[in-house]
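Remarks on the structure that follows.
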Amino acid sequence: MRFIFKTRYDQDIGLFPHRGTVFWYSLLSVALVAAPFLIAPYYVGELSFLFIWSLAGLSLMVLAGYAGLISIGHAAFLGIGAYVHVYLIHRGVPFLPAMLSAGATAAAAGVVIGVPAIRMRGLYLAIATLAFSAIVQEVFVRWEALTGGSRGVAVPKPQFFGWSLEGEVGFYYLCLSVLVVCILAILNLLRASTGRAWIAIRDSEIAAQSMGVNLAGYKTLAFAVSAFLAGLAGALFAHKVGYLTPDIFTPILSIQLLMLVMVGGVGSIHGAIFGAIFLVLLPTVIALLRDYLPAGIAQQPALEPGIYGVILVLMVLLEPLGINGLWRKIKFFFWQFPMYKSATFKRQKTYMRTERLR
Amino acid sequence: MAEFLQLFVNGLAVGCIYGLVALGFVLIYKAGEVVNFAQGELVMLGAFVAFTFVVQFGLNYWVGLALAIVVMATFGGLLEMIVVRRIIGQPQFSTVMLTIGFGVVMRSGAAMVWGPETRSLPTPFDAATFRFGGVVLSAVYLSILATTAILGLILFGFFRFSRIGIAMQAASQNQLAAYCMGIPVKRVLSGVWALSAAVATIAGVMLAPINLIDTNLGAVGLKAFAAAVIGGFGSIPGAVLGGILIGLIDLFSGVYLPQGFKDIASYIVLLIVLVVRPQGLFGSVGRKKV
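Protein sequence lines, in the order shown, are assigned to chains A and B. For the numbering used here, count along the first sequence from 1 and bump the result up by 222. For the numbering used here, count along the second sequence from 1 and bump the result up by 63.
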């Protein structure tokens, strides 16, 4: 059992709670930097995919996990980022400015959808984002000058100051560095007053407002930040898939992102990463599973979304804090080793909390 | 003018279906504050079950419809009893995720059982058309209007005069008070889900001749969301009126606006309503006071 005695106020907001975490994160970063030299190129490609998913998950985690605003149309922000990025790249804009303006455009779209959010609570907002993503998807199909319509548009390889990132390895480092920078930026936001305001809004809007939190401002900011990250993820995603068509950014993608957040663990940065790992591994696991299922079920194309749905339902019912919650429970078990009480994480009995009081 | 009237009647009929679906989740929302994102999938499932009874088992249309309603009502009730009840009091995110997950499961389950191809459900009104002046009215659309009117009256009577209907109203107004008055709130909630699934089935069966049955029928859920929001999410007549409005917008935008607007016009209206008047046209959602 580890006791952390806090002797300075800075320790409350430090990035690392104690030296052990510093050690493990250093090990992780060394492993990630060295990985391309140690593993096969295929897995390097999969790892960059993992980083892109993590970035997209991080973006939704900020919105849903920290600010408590549900977005069922996050694929729209990814799509906006991807298309703007590719459009600018085709017009000869260098990589970094193109990616940043892709993020900025997505953020602007986020503000547009966030402004009505000021007056709406959770559920209305969810519906608004759903409608927004339906509209955006239709725009992708119709606005052929920008998106190439349903034929799609090819994405060139990323170019940095004249040299092109041809192989998987260069792209791997690109994704890794974007992800790390974004995670650090978000961690910084979260430990500052912005993050605390978001968490306050998530837990009780009325209480937050009574404490002087500007609801409208912070909600819009949450949307802007989240959409910005989603735009960056979309730009990287465009390079990864190499060819953009509007049917990439369907509601299925939004649901996958929500699942990532839910399965990973709502309200934690770790959760976004865990969820991304889960989402990248799941198709492989399902492919393996098909060999063991009776042929009638195994050949069904609908099997995969079905399994997604079942996992989502079971996660909500049995492990609402996701993989991250599970991980914390396991850690806690070993900390307390002989003394673990099974009642520690027992779900409290809850009653219906109405939002409709008049 | 004739074209206008024609579109108006058809839009009214389609809107009635949207209204019924919207009514389904307004019922659920009022009763338990659960937003059922799987309502569209209940419609789809209802249509498929009716298809099984009528086409695959060769039963009489009305018998098949009645059986489908019973089966789906049981399904809805069981869904509440076994699953939804367990997340009461959890944050809204959980309920949203749960119902979305259920929608996905239902859709892929339907794809596994009935296959991906589209089916059609023959109805007794298929061939007949009526002619009033220049307007050609197909019996299918008239039957939809009539069914909605009758169903509306039945539901009105049910909520106004039957004991269980009044109990449902009480439970949706204040669960604790209802509980203290001796209303079995849990069973009433299951009843609401069963009722909502039954209404969804009727909507699905009525939608079948217009839209054919396939696993994408659940998309009607999104339109119905728009309808419910416009109607004020908590008001039953509002949901039906909102549905009719969305149905009219759908048909008219398909004809009078440029291509591509048909699918999104109703969502644009939804966003405008959310910005301008978030409580909907018949709003009953107030702000919590401290």
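All residues carry an ideal CB built from backbone N, CA and C; glycine is no exception.
Taking L200 of chain B as reference, the option from B:T211, B:T210, B:F188 with the minimal CA-CA separation is B:F188. The beta carbon of E366 of chain A does not come within 9 angstroms of any beta carbon belonging to chain B, so the residue lies off that interface. For the segment 212 to 234 of chain B, the set of residues with a beta-carbon nearer than 7 angstroms to any beta-carbon of chain A is empty. Using beta-carbon distances, E541 of chain A does not count as an interface residue toward chain B, since no partner is under 9 angstroms. Taking each of A:G487, A:G489, A:A452, A:S372 in turn and checking the Cα distance to L475 of chain A, the smallest one comes out for A:A452. Identification of chain A residues near Y330 of chain B by a Cβ-Cβ cut-off of 7 angstroms yields A353, A356, I357, ordered along the chain.
In this structure, I331 of chain B and L308 of chain B do not form a Cβ contact; the two beta carbons are roughly 13 angstroms apart against a cut-off of 8 angstroms. The Cβ neighbour count for C79 of chain B, taken over all protein chains shown within 10 Å, is at least 16; the residue is labelled buried. The three-state reading of DSSP puts Q342 of chain B in coil, since its state is none of H, G, I, E or B. For R148 of chain B, no chain A residue has a Cβ inside 8 angstroms of its Cβ, as the nearest lies near 11 angstroms away. Distance from the CA of V126 of chain B to the CA of N436 of chain A, rounded to the nearest whole angstrom, comes to 58 angstroms. The three-state reading of DSSP puts F317 of chain A in helix, counting H, G and I together. Using a CB distance cut-off of 9 angstroms, V284 of chain A does not count as an interface residue toward chain B. When secondary structure is reduced to three states using DSSP, V391 of chain A falls in the helix class. The beta-carbon distance between V485 of chain A and I545 of chain A, rounded to whole angstroms, is 6 angstroms. This is short enough to meet the 8 angstroms contact definition. The beta carbon of T278 of chain B sits closer than 9 angstroms to some beta carbon of chain A. Assignment of R223 of chain B by DSSP, reduced to helix, strand and coil, places it in the helix class. Contacts with chain A at 9 angstroms (Cβ-Cβ) do not include D313 of chain B.
Taking the beta carbon of E360 of chain A as reference, the chain B residues within 8 angstroms of it are G323, D326, I327, listed in sequence order. Beta-bridge analysis with DSSP links L466 of chain A to A:V375. Taken in chain order, the whole beta strand (DSSP E) runs of length 3 or more contained in the segment 119 to 198 of chain B are 192 to 195. Note on geometry: alpha-carbon atoms of F445 of chain A and A328 of chain A lie some 10 angstroms from one another.
Scanning its chain for C-beta atoms nearer than 8 angstroms, with the 5 sequence neighbours on each side dropped, one finds around P263 of chain A the residues G389, E390, V391, in chain order.
In the three-state DSSP reduction, S316 of chain B falls in the helix class (H, G or I). Within chain A, no C-beta atom comes nearer than 9 angstroms to that of F188 of chain B; the closest sits roughly 32 angstroms away. Rounded to whole angstroms, G228 of chain B and F138 of chain B show a C-alpha spacing of 20 angstroms. Y265 of chain A is outside the set of residues whose beta carbon lies under 9 angstroms from a beta carbon in chain B.
Chain order gives the chain B residues near Y530 of chain A as V167, where near means a beta carbon separation below 7 angstroms.
Pairing S372 of chain A with I226 of chain A, the inter-Cα distance amounts to about 57 angstroms. Within the same chain, Cβ atoms closer than 7 angstroms to the Cβ of G417 of chain A are found at Y288, L411, the five residues on either side in sequence being excluded. When A:A422, A:I428, A:A414 are compared, the shortest CA-CA separation from D232 of chain A is found for A:A414. Residues of chain B with a Cβ closer than 7 angstroms to the Cβ of A524 of chain A are, in chain order, S171, A174, M175. Residue pairing from DSSP places S201 of chain B in a beta bridge opposite B:T192.
Under a criterion of Cβ atoms nearer than 7 angstroms, no residue of chain B is adjacent to P378 of chain A; the nearest Cβ is some 29 angstroms distant. Judged by DSSP in its simplified three-state form, I294 of chain A adopts coil rather than helix or strand.
9 angstroms or more divides the Cβ of Y124 of chain B from the Cβ of T210 of chain B.
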